[in-house]
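First up is the structure itself, then whatever we jot down about it.
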Amino acid sequence: MDVQKSESRTINELKSRVEIILKKHNLKVEQRLVDRFLRNIKDISDILNDELLESLVIENLTIGESYFFRDIQTFEKLKRIFKEKPFWNILSVGCSAGEEVYTVSIVAKECGVKYKITGIDVNLQRILQAEKGCYRFWSIRFLNEEQICKYFTQVGDHFCINEEYKENVYFVHCNINSPECNFEREHKFDIIFLRRVLIYFDRVDEVITKIVNMLKDRGYLVIGLGEYFPKLFEYFTPVFSDSGAILKKISAAEKEKVKSTYYLKKEKVSEHSRKPEKILDTTELVTKEKLGKILKADAKSLEIEENVRVIESFLNQKLYKDAYEKLKKEIAKNHTNFIFWKYKALAELQLGMTSEAEKSLQKAIFLNHADEEVWQLKYLLNTQKGK
Numbered sequence: 001m002d003v004q005k006s007e008s009r010t011i012n013e014l015k016s017r018v019e020i021i022l023k024k025h026n027l028k029v030e031q032r033l034v035d036r037f038l039r040n041i042k043d044i045s046d047i048l049n050d051e052l053l054e055s056l057v058i059e060n061l062t063i064g065e066s067y068f069f070r071d072i073q074t075f076e077k078l079k080r081i082f083k084e085k086p087f088w089n090i091l092s093v094g095c096s097a098g099e100e101v102y103t104v105s106i107v108a109k110e111c112g113v114k115y116k117i118t119g120i121d122v123n124l125q126r127i128l129q130a131e132k133g134c135y136r137f138w139s140i141r142f143l144n145e146e147q148i149c150k151y152f153t154q155v156g157d158h159f160c161i162n163e164e165y166k167e168n169v170y171f172v173h174c175n176i177n178s179p180e181c182n183f184e185r186e187h188k189f190d191i192i193f194l195r196r197v198l199i200y201f202d203r204v205d206e207v208i209t210k211i212v213n214m215l216k217d218r219g220y221l222v223i224g225l226g227e228y229f230p231k232l233f234e235y236f237t238p239v240f241s242d243s244g245a246i247l248k249k250i251s252a253a254e255k256e257k258v259k260s261t262y263y264l265k266k267e268k269v270s271e272h273s274r275k276p277e278k279i280l281d282t283t284e285l286v287t288k289e290k291l292g293k294i295l296k297a298d299a300k301s302l303e304i305e306e307n308v309r310v311i312e313s314f315l316n317q318k319l320y321k322d323a324y325e326k327l328k329k330e331i332a333k334n335h336t337n338f339i340f341w342k343y344k345a346l347a348e349l350q351l352g353m354t355s356e357a358e359k360s361l362q363k364a365i366f367l368n369h370a371d372e373e374v375w376q377l378k379y380l381l382n383t384q385k386g387k
């Protein structure tokens with residue numbers, strides 16, 4: 001009973017802190033997602049300072065649209081993994097309109113490896129869009145002009161992925177949680193992308209078990225930077241000390257080896273307290289100290305992307321003053337990010353700061369004149385000035 005009271009108190013304290021963060025950024029999130037998030041992080045509440053918790057809230061509860069090269073650091077690390085062998089069978093779960101799938105295709109091709117990538121999603125319209133492979137600038141807004149020209153062909157106001165990156169790429173309409181979506185009978189996967197998907201499932205354990213069965217021993221699971229699901233550590237271990245996004249499946253042999261090592265290191269464990277039937281709960285090996293360092297590293301890597309999404313949320317809700325104040329702070333730290341300057345121009349324009357908007361827009365155009373939105377803003381600005 002005391003344990004239940006303590007757990008309930010921890011969740012209530014976390015809930016209050018999370019509500020403050022959501023209110024601070026004027027974010028509206030379904031309560032079921034908040035409750036699920038609280039259950040996931042309750043056991044690490046003691047290592048969550050305000051800054052780290054805020055990062056986790058933004059990353060886990062503001063899913064947003066997919067876009068190319070989201071979590072760029074993850075793909076940089078993936079390049080090192082691709083060096084291990086010449087062929088990779090890859091699955092993308094919840095592939096949306098294909099941005100993640102084609103990003104993987106680009107990276108794999110540039111690494112010189114052969115591959116087969118399958119993207120699955122429950123939304124048929126998204127699958128059809130993925131097969132077409134054409135996107136508005138929003139999906140490629142984090143790419144520079146050189147990358148856009150290299151990977152895409154512009155068709156009107158859309159950017160279509162070049163045909164070479166469609167090779168060996170397939171899309172399937174199915175729900176990973178349904179019996180019909182069964183890849184276990186086929187060749188198992190070397191890598192499974194499961195980024196920002198688990199938060200949507202009520203029975204997370206079942207999905208994780210299915211993913212484990214679809215993945216080869218020592219295969220890789222890729223989740224979103226900043227995502228945390230304790231169940232994963234029963235089957236996986238982080239590959240990199242500065243990121244929790246890429247996990248490696250622990251083989252049966254490795255589990256036995258780790259189990260033996262773990263029991264040897266356990267101090268004064270009685271024979272009666274051991275449970276040989278359970279291979280290993282590896283959450284006890286991934287210490288809170290180590291996990292805290294990984295989550296902090298993830299938060300630092302995500303800082304710019306998170307701030308962009310928060311600013312976009314302000315702009316979508318027409319909270320232009322809030323967006324403007326945050327943009328000033330972010331530009332002071334990163335003055336070469338054209339997205340910040342573009343959004344600053346938009347906020348200034350809506351606040352009637354025409355002269356300032358013109359200066360911000362000039363900087364945005366200088367940093368990336370391939371962005372169609374900056375030219376739309378310029379037209380709007382000139383219209384307001386009566387040019």
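In UniProt numbering, the protein residues as written are 1 to 387. The C-beta atom is built at its ideal place from N, Cα and C for all residues, glycine as well. Since the structure is predicted, the reported quantities are computational estimates derived from the model, not experimental observations.
- [ ] Tell me, please, which residues DSSP counts as bridged to residue 173.
- [x] The sequence position of residue 173 within the sequence shown is 173, counting from 1. Per DSSP, 121.
TODO: Return yes when the Cβ of residue 93 is within less than 7 Å of the Cβ of residue 223, no when it is not.
DONE: Your numbering for residue 223 matches position 223 in the sequence shown. Your numbering for residue 93 matches position 93 in the sequence shown. In this structure, residue 93 does not lie closer than 7 Å to residue 223 by Cβ.
Task: Inter-residue CB distance, residue 90 and residue 191 (contact presumed, cutoff 8 Å) - done: Locating residue 90 in the sequence shown gives position 90, where the first residue counts as 1. Locating residue 191 in the sequence shown gives position 191, where the first residue counts as 1. The Cβ separation is near 5 Å, so the contact holds.
Task: Residue interval of the beta strand (DSSP E) (run including residue 36) - done: Sequence index remark: in the sequence shown, residue 36 carries index 36 (1-based). Where residue 36 is concerned, there is no enclosing beta strand (DSSP E), although the alpha helix (DSSP H) it sits in stretches over 31-41.
Task: Contacting residues, own chain, Cβ-Cβ under 7 Å from residue 296 (five flanking each side not counted) - done: For the purposes of this step, residue 296 is identified with residue 296 of the sequence shown, where counting begins at 1. Cβ neighbours of residue 296 beyond the five flanking positions: 52.
Task: Ranges of the alpha helix (DSSP H) found wholly within the segment 287-338, counting only runs of at least 4 - done: 288-301, 303-316 and 320-333
- [ ] Assign residue 190 to one of three DSSP states: helix, strand, or coil.
- [x] As a first step, residue 190 is located in the sequence shown; it is residue number 190 there, counting from the start. Looking at residue 190 - three-state DSSP - the assignment turns out to be strand.
TODO: Tell me whether residue 149 sits in a helix, a strand or coil according to DSSP, three-state version.
DONE: Walking along the sequence shown from the start, residue 149 turns up at place 149. Here residue 149 sits in helix by DSSP.
TODO: Could you round the C-beta distance between residue 345 and residue 361 to whole angstroms and report it? I think they count as a contact, below 8 Å.
DONE: The residue you call residue 345 lines up with position 345 of the sequence shown. The residue you call residue 361 lines up with position 361 of the sequence shown. Yes, residue 345 and residue 361 are in contact; Cβ-Cβ is about 4 Å, under 8 Å.
- [ ] Would you kindly check if the distance between the Cβ of residue 33 and the Cβ of residue 61 is under 7 Å?
- [x] Mapped onto the sequence shown, residue 61 falls at position 61. Mapped onto the sequence shown, residue 33 falls at position 33. Their beta carbons are under 7 Å apart, which means residue 61 touches residue 33 by this criterion.
Open item on the list: Shorter than 6 Å, the distance from the beta carbon of residue 372 to the closest heavy atom of the ligand GDP, or not?
Closed with: Among the components modelled here there is no ligand, and therefore nothing to report on the ligand GDP.
TODO: Spatial neighbours of residue 18 within its chain, please: CB distance less than 6 Å, with the 5 preceding and 5 following residues excluded, ordered by chain position.
DONE: Residue mapping note: residue 18 aligns to position 18 of the sequence shown, counting from 1. Counting only Cβ-Cβ distances below 6 Å, and skipping sequence neighbours, we find 57.
Open item on the list: Suppose only complete runs of 3+ residues qualify. What are the beta strand (DSSP E) ranges in the segment 87-121, listed by chain order?
Closed with: 87-93 and 114-121
Task: residue 85, buried or exposed, once every other Cβ within 10 Å from all chains shown has been counted against 16 - done: Translated into positions along the sequence shown, residue 85 becomes position 85. With fewer than 16 other Cβ atoms within 10 Å, it is exposed.
Open item on the list: Just verifying my parser: in three-state terms, what is the DSSP assignment at residue 245?
Closed with: Indexing the sequence shown from 1 puts residue 245 at position 245. Strand.
Open item on the list: If you follow the alpha helix (DSSP H) that residue 378 is in, where does it begin and where does it stop?
Closed with: The residue labelled residue 378 in the question sits at position 378 within the sequence shown. Counting along the chain, the alpha helix (DSSP H) containing residue 378 begins and ends at 372-385.
TODO: Return the Cβ separation of residue 232 and residue 247 in integer angstroms, given the expectation that the two are a contact with Cβ distance under 8 Å.
DONE: Translated into the one-based positions of the sequence shown, residue 232 becomes position 232. Translated into the one-based positions of the sequence shown, residue 247 becomes position 247. Indeed they touch by this definition, with Cβ atoms about 6 Å apart.
Open item on the list: I'd like to confirm the pairing. Which residues does DSSP put opposite residue 238 in its beta bridges?
Closed with: Walking along the sequence shown from the start, residue 238 turns up at place 238. Under the DSSP definition of a beta bridge, residue 238 partners with 247.
Open item on the list: On the DSSP bridge list, what partners appear for residue 158?
Closed with: By one-based count along the sequence shown, residue 158 stands at place 158. DSSP lists 155 as partners of residue 158.
TODO: Put residue 77 into one of helix, strand or coil per three-state DSSP.
DONE: One-based indexing of the sequence shown puts residue 77 at position 77. Helix.
Task: According to DSSP, residues forming a beta bridge with residue 134 - done: Reading the sequence shown from its first residue, position 134 is the one you call residue 134. Residue 134 is bridged to 160.
Task: For residue 367, the nearest candidate out of 143, 124 and 87 (CA to CA) - done: As a first step, residue 367 must be located in the sequence shown, where it is residue number 367. Comparing Cα-Cα distances from residue 367 to each of 143, 124 and 87, the minimum goes to 143.
Task: Exposure label - residue 298; buried when at least 16 CB within 10 Å - done: Taking the sequence shown and counting its residues from 1, one reaches residue 298 at position 298. Result: buried.
Open item on the list: Rounded to the nearest angstrom, what separates residue 199 and residue 212 at their Cα positions?
Closed with: As a working mapping, residue 199 is identified with position 199 in the sequence shown. As a working mapping, residue 212 is identified with position 212 in the sequence shown. The straight-line gap from Cα to Cα measures roughly 17 Å.
Task: Nearest neighbour of residue 27, chosen from 357, 46, 10 and 54 [CA to CA] - done: Taking the sequence shown and counting its residues from 1, one reaches residue 27 at position 27. Ranking the options by Cα distance to residue 27, first place goes to 54.
Task: Beta-carbon proximity check, residue 148 vs residue 161, cutoff 7 Å - done: For the purposes of this step, residue 148 is identified with residue 148 of the sequence shown, where counting begins at 1. For the purposes of this step, residue 161 is identified with residue 161 of the sequence shown, where counting begins at 1. For residue 148 and residue 161, no; Cβs fall outside 7 Å.
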